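Take a look at the structure set out below.
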Amino acid sequence: MAETLKIKNKEIVVPGETLAEGMGFLPSRGTYRDEKTIKAQKMGMISIDGKVIKLIPLTGAYVPKVGDKIIAKIIDIMMSGWRVDTRSAYSAVLGLKDATSDYIAKGADLTQYFGLGDYILTQITNVTSQRLIDVTMRGPGLRKLRGGRIITINSHKVPRVIGKEGSMVTMIKQATECNILVGQNGRIWINGEPDKEVLAEETIKKIEEEAHTEGLTDNIKKFLEKKTGKKIAVKGETQ
Amino acid sequence: MISDQKEHILQALKKGIRYDGRKLLDYRDVKVETGFVHGAEGSAKVTIGDTEIIAGVKIAIEKPYPDTPDKGNLMVNAELRPMSNPEFESGPPGEKAIELARVVDRGIRESKAIDQEKLCIEKGEKVWSVMIDIVPLNASGNLLDAGALASLAALKNTVFPKLTEDGAINYDEKTKDKLPLQKEPIEITVLKIGDYFIVDPLPEEEELLDARLTAAITADNKICAVQKGGSEPLSIEEIDTMVGIAQDKAKELRKLIR
Chain F
58 MAETLKIKNK EIVVPGETLA EGMGFLPSRG TYRDEKTIKA QKMGMISIDG KVIKLIPLTG
118 AYVPKVGDKI IAKIIDIMMS GWRVDTRSAY SAVLGLKDAT SDYIAKGADL TQYFGLGDYI
178 LTQITNVTSQ RLIDVTMRGP GLRKLRGGRI ITINSHKVPR VIGKEGSMVT MIKQATECNI
238 LVGQNGRIWI NGEPDKEVLA EETIKKIEEE AHTEGLTDNI KKFLEKKTGK KIAVKGETQ
Chain S
98 MISDQKEHIL QALKKGIRYD GRKLLDYRDV KVETGFVHGA EGSAKVTIGD TEIIAGVKIA
158 IEKPYPDTPD KGNLMVNAEL RPMSNPEFES GPPGEKAIEL ARVVDRGIRE SKAIDQEKLC
218 IEKGEKVWSV MIDIVPLNAS GNLLDAGALA SLAALKNTVF PKLTEDGAIN YDEKTKDKLP
278 LQKEPIEITV LKIGDYFIVD PLPEEEELLD ARLTAAITAD NKICAVQKGG SEPLSIEEID
338 TMVGIAQDKA KELRKLIR
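As structure tokens, this is what we get:
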């Protein structure tokens with residue numbers, strides 16, 4: 058049987074759609090092999106890299122991945138650690154050892170480190186096949202987030218908010234003079250002057266809405282220049 | 098985090114800026130649409146920012162309550178469905194839903210908005226019963242003001258159904274008779290966070306409030322009902338200020354329900 062592609066690169070497909078026939082292609086993330094065909098698991102955009110077919114989902118909940126830095130919320134305090142909400146279908150556990158290097162006596166009050174409702178920037182260290190997730194606070198920049206505001210966006214739009222090599226988020230930081238941390242799970246922490254925070258939030262929502270459009274960086278640059286009334290230098294190229 | 102966040106919001110309020118960039122005493126955009134539900138005798142949808150709420154009025158003939166044999170019945174019910182906010186749970190109405198229904202009910206009842214004596218058909222036997230149902234479609238703060246405004250707009254929109262020859266109601270046909278309205282109460286909620294007063298709160302601000310005061314205000318600027326919420330006490334001067342703010346804001350909202 059001939060190896061034929063049924064779709065073009067960057068095409069949008071729906072679940073179950075046949076992407077390729079024959080054994081010449083390899084299914085990657087978001088696709089699966091059904092006998093001699095490769096089909097799409099989700100709705101999304103196809104990315105073909107040589108013989109590998111990958112699907113970039115356009116929507117859906119966050120799926121935890123090892124190594125992701127996420128913004129999690131403390132939802133429970135347990136005997137020897139914390140349970141945190143990851144904004145996915147599964148919660149994660151932050152063990153005492155991964156939380157601090159302090160000596161903690163038995164039965165000590167754990168809320169002195171993290172209390173209920175606190176937001177933390179944390180990193181996923183392990184995801185089992187049963188979706189049990191471990192997170193850690195050991196790593197550069199991982200910490201509890203004090204003050205500021207948390208906004209949420211679709212986690213699949215996070216790469217657009219960050220931009221190529223962080224160009225987009227750097228631009229927003231420059232224009233608004235806010236501290237911004239973007240978690241891979243779609244939670245974003247913004248801290249700065251009140252009016253600038255509002256502008257940063259507005260900009261990020263605009264990026265989320267226009268994520269699929271061409272020349273996004275340029276549009277956002279113009280938008281920010283209009284709002285702040287100052288010139289913004291963009292590092293890196295525009296897409 | 099709660100205290101961190103409160104400190105952060107207070108810092109912003111100090112500079113006169115709210116969580117969404119508004120000024121302290123600014124309302125979000127308010128929109129009132131009437132005649133929204135076909136099955137009801139009167140209905141309205143009110144949109145305040147992201148908050149959307151529907152009020153529907155149903156009229157029926159019922160026996161009056163024994164203590165008011167010559168007055169029509171008034172009932173207000175509110176349902177906070179999980180669809181409108183993930184924090185709401187299905188099942189019997191909770192504290193928030195009951196408060197919403199009761200505060201709206203009190204505003205309408207105590208202002209004597211409806212001339213309930215005119216709803217009497219046969220003393221002690223048959224009266225018109227007015228039932229208001231309030232359902233938020235999207236709960237994004239300030240349900241009290243939105244619910245009261247929607248209820249009032251729905252009452253103003255209400256017409257009686259036709260009666261058949263044997264005195265039963267034919268809901269399929271409507272008359273042109275309006276409800277006997279004599280007052281138009283508008284409810285405004287003023288929140289106190291730290292030393293600052295704000296109106297039209299967002300859910301984030303409602304979570305951090307110290308105290309809130311809801312006042313029902315009629316067209317001649319009279320206060321006919323109040324409701325206090327939150328854990329902190331209010332001084333007499335503070336209540337004066339808050340009621341003053343409510344009176345000013347009520348004038349603004351009143352323009353929308355002409």
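Chains as they are written, first to last, in the numbering used here: chain F, 58 to 296; chain S, 98 to 355.
Here a beta-carbon is modelled for each residue, glycine too, at the ideal position from N, C-alpha and C.
The structure presented is a predicted model; accordingly, all values stated were derived computationally and were not measured.
* Would you kindly check if the distance between the Cβ of PRO251 (chain F) and the Cβ of VAL184 (chain F) is under 8 Å? => As a position in the first sequence, residue 184 (chain F) is number 127, starting the count at 1. As a position in the first sequence, residue 251 (chain F) is number 194, starting the count at 1. No, Cβ-Cβ distance for VAL184 (chain F) and PRO251 (chain F) is not below 8 Å.
* Asked: Can you pull the DSSP bridge partners for ASN236 (chain F)?
  -> Numbered from its first residue, the first sequence carries residue 236 (chain F) at position 179. Residue pairing for ASN236 (chain F): DSSP places it in a beta bridge opposite F:ASN248.
* Pick helix, strand or coil for ILE132 (chain F), following the three-state DSSP scheme. => Reading the first sequence from its first residue, position 75 is the one you call residue 132 (chain F). Of the three classes helix, strand and coil, the one that applies to ILE132 (chain F) here is strand, per DSSP.
* To do: Pick helix, strand or coil for ASN183 (chain F), following the three-state DSSP scheme.
  => Within the first sequence, the letter at position 126 stands for residue 183 (chain F). When secondary structure is reduced to three states using DSSP, ASN183 (chain F) falls in the strand class.
* Counting only runs of 3+ residues fully inside the stretch 170-219 of chain S, write out the beta strand (DSSP E) ranges in chain order. => If we require 3 residues or more, the beta strand (DSSP E) runs fully inside the stretch 170-219 of chain S come out as 170-175, 217-219.
* List, in order along the chain, the chain S residues whose C-beta lies closer than 7 Å to that of VAL192 (chain F)? -> What you label residue 192 (chain F) is simply residue 135 of the first sequence in a count that begins at 1. Near VAL192 (chain F) there are no residues of chain S at all, since even the closest Cβ is about 17 Å away, more than 7 Å.
* Is the Cβ of VAL255 (chain F) closer than 8 Å to any Cβ of chain S? -> Residue numbering aside, residue 255 (chain F) sits at position 198 when the first sequence is read from its first letter. True, the Cβ-Cβ gap to chain S drops below 8 Å.
* Beta-carbon proximity check, ILE264 (chain F) vs ILE277 (chain F), cutoff 8 Å -> The count along the first sequence starts at 1 and reaches residue 264 (chain F) at position 207. The count along the first sequence starts at 1 and reaches residue 277 (chain F) at position 220. In this structure, ILE277 (chain F) lies closer than 8 Å to ILE264 (chain F) by Cβ.
* Euclidean distance between Cα positions of GLU301 (chain S) and LEU353 (chain S) -> Taking the first residue of the second sequence as position 1, residue 301 (chain S) is located at position 204. Taking the first residue of the second sequence as position 1, residue 353 (chain S) is located at position 256. Answer to the nearest angstrom: the Cα atoms are 26 Å apart.
* **Contacting residues, own chain, Cβ-Cβ under 8 Å from TYR89 (chain F) (five flanking each side not counted)** => Numbered from 1 along the first sequence, position 32 holds the residue referred to as residue 89 (chain F). Same-chain partners within the cutoff: ILE95, LYS96, GLN98.
* Asked: Which residues of chain F have a Cβ atom closer than 8 Å to the Cβ of GLY291 (chain S), listed in chain order?
  -> Stepping through the second sequence from its first residue, residue 291 (chain S) is reached at position 194. Listed by position along chain F, the residues whose Cβ is nearer than 8 Å to that of GLY291 (chain S) form an empty set, because the closest Cβ is around 14 Å away.
* **Top-ranked residue by Cα proximity to VAL127 (chain S), from S:GLY238, S:GLU334, S:ASN254** => In the second sequence, the residue the question calls residue 127 (chain S) occupies position 30. Ranking S:GLY238, S:GLU334, S:ASN254 by Cα distance to VAL127 (chain S) puts S:GLY238 first.
* **VAL70 (chain F) versus GLU184 (chain S): straight-line alpha-carbon distance, rounded** => Here residue 70 (chain F) refers to the residue found at position 13 when the first sequence is read from its first residue. Here residue 184 (chain S) refers to the residue found at position 87 when the second sequence is read from its first residue. C-alpha of VAL70 (chain F) to C-alpha of GLU184 (chain S): approximately 34 Å in a straight line.
* List the residues of chain F that ILE114 (chain S) touches, going by C-beta distances under 7 Å, in chain order. => Numbered from its first residue, the second sequence carries residue 114 (chain S) at position 17. Neighbours of ILE114 (chain S) on chain F, chain order: PRO251, ASP252.
* To do: Measure the Cβ-Cβ separation of VAL44 (chain F) and ILE237 (chain F) and say whether it is below 8 Å.
  => Any answer about residue 44 (chain F) is impossible in this case: the structure gives chain F only from 58 up to 296.
* Asked: Hey, is GLY146 (chain S)'s beta-carbon within less than 8 Å of any beta-carbon in chain F?
  -> Taking the second sequence and counting its residues from 1, one reaches residue 146 (chain S) at position 49. Not one chain F Cβ lies under 8 Å of GLY146 (chain S).
* Asked: Is GLU104 (chain S) close to chain F, meaning its C-beta is less than 8 Å from at least one C-beta of that chain?
  -> Along the second sequence, one-based indexing puts residue 104 (chain S) at 7. Judged by the 8 Å Cβ criterion, GLU104 (chain S) is in contact with chain F.
* 6 Å Cβ shell around ASN66 (chain F) - same chain, five flanking residues per side excluded -> Position 9 of the first sequence, counted from the first residue, corresponds to residue 66 (chain F). Cβ contact annotation for ASN66 (chain F) (same chain, cutoff 6 Å, sequence separation greater than five): ILE105, in chain order.
* Shorter than 8 Å from the beta carbon of ASP101 (chain S) to some beta carbon of chain F? -> Your numbering for residue 101 (chain S) matches position 4 in the second sequence. ASP101 (chain S) counts as touching chain F.
* Rounded distance between the beta-carbons of LEU234 (chain S) and SER181 (chain S), thought under 8 Å -> For the purposes of this step, residue 181 (chain S) is taken as the residue at position 84 of the second sequence. For the purposes of this step, residue 234 (chain S) is taken as the residue at position 137 of the second sequence. Correct: roughly 6 Å between the Cβ atoms.
* Asked: Closest to MET194 (chain F) by CA distance: which of F:LEU178, F:LEU202, F:ARG206 is it?
  -> On the first sequence, position 137 is the one that residue 194 (chain F) refers to. If we check each option's Cα against that of MET194 (chain F), F:LEU178 comes out closest.
* Asked: Closer than 8 Å, CB to CB, is ASP345 (chain S) near chain F or not?
  -> Reading the second sequence from its first residue, position 248 is the one you call residue 345 (chain S). Taking Cβ atoms only, chain F never reaches closer than 8 Å to ASP345 (chain S), which makes this a no.
* Nearest chain S C-beta to ARG203 (chain F) closer than 8 Å, yes or no? -> Residue numbering aside, residue 203 (chain F) sits at position 146 when the first sequence is read from its first letter. Answer yes: the Cβ-Cβ gap between ARG203 (chain F) and chain S drops below 8 Å somewhere.
* To do: Under 8 Å by Cβ, that's how I've got LEU246 (chain S) and VAL129 (chain S) pegged, so tell me the actual separation to the nearest angstrom.
  => Residue 246 (chain S) sits at position 149 when you count from the first residue of the second sequence. Residue 129 (chain S) sits at position 32 when you count from the first residue of the second sequence. Confirmed, Cβ separation roughly 7 Å.
* Asked: Helix or strand or just coil, what does DSSP make of LEU226 (chain S)?
  -> Translated into positions along the second sequence, residue 226 (chain S) becomes position 129. According to the sequence displayed, residue 226 (chain S) carries Ser and not Leu. Three-state DSSP puts SER226 (chain S) in a strand.
* To do: Put GLN97 (chain S) into one of helix, strand or coil per three-state DSSP.
  => Lying outside 98 to 355, the shown extent of chain S, residue 97 (chain S) is not represented and no answer is given.
* C-alpha distance - ALA146 (chain F) paired with GLY87 (chain F), whole-angstrom precision -> In the first sequence, counting from the first residue as 1, residue 146 (chain F) sits at position 89. In the first sequence, counting from the first residue as 1, residue 87 (chain F) sits at position 30. Cα to Cα, ALA146 (chain F) sits roughly 18 Å from GLY87 (chain F).
* Asked: What residues in its chain sit with their C-beta under 6 Å from that of ASN174 (chain S), if we drop five residues either side in the sequence?
  -> Within the second sequence, residue 174 (chain S) is the residue found at index 77, counting from 1. When the five nearest sequence neighbours on each side are left out, the beta carbons in the same chain lying within less than 6 Å of the beta carbon of ASN174 (chain S) are those of ALA198, ASP230, in order along the chain.
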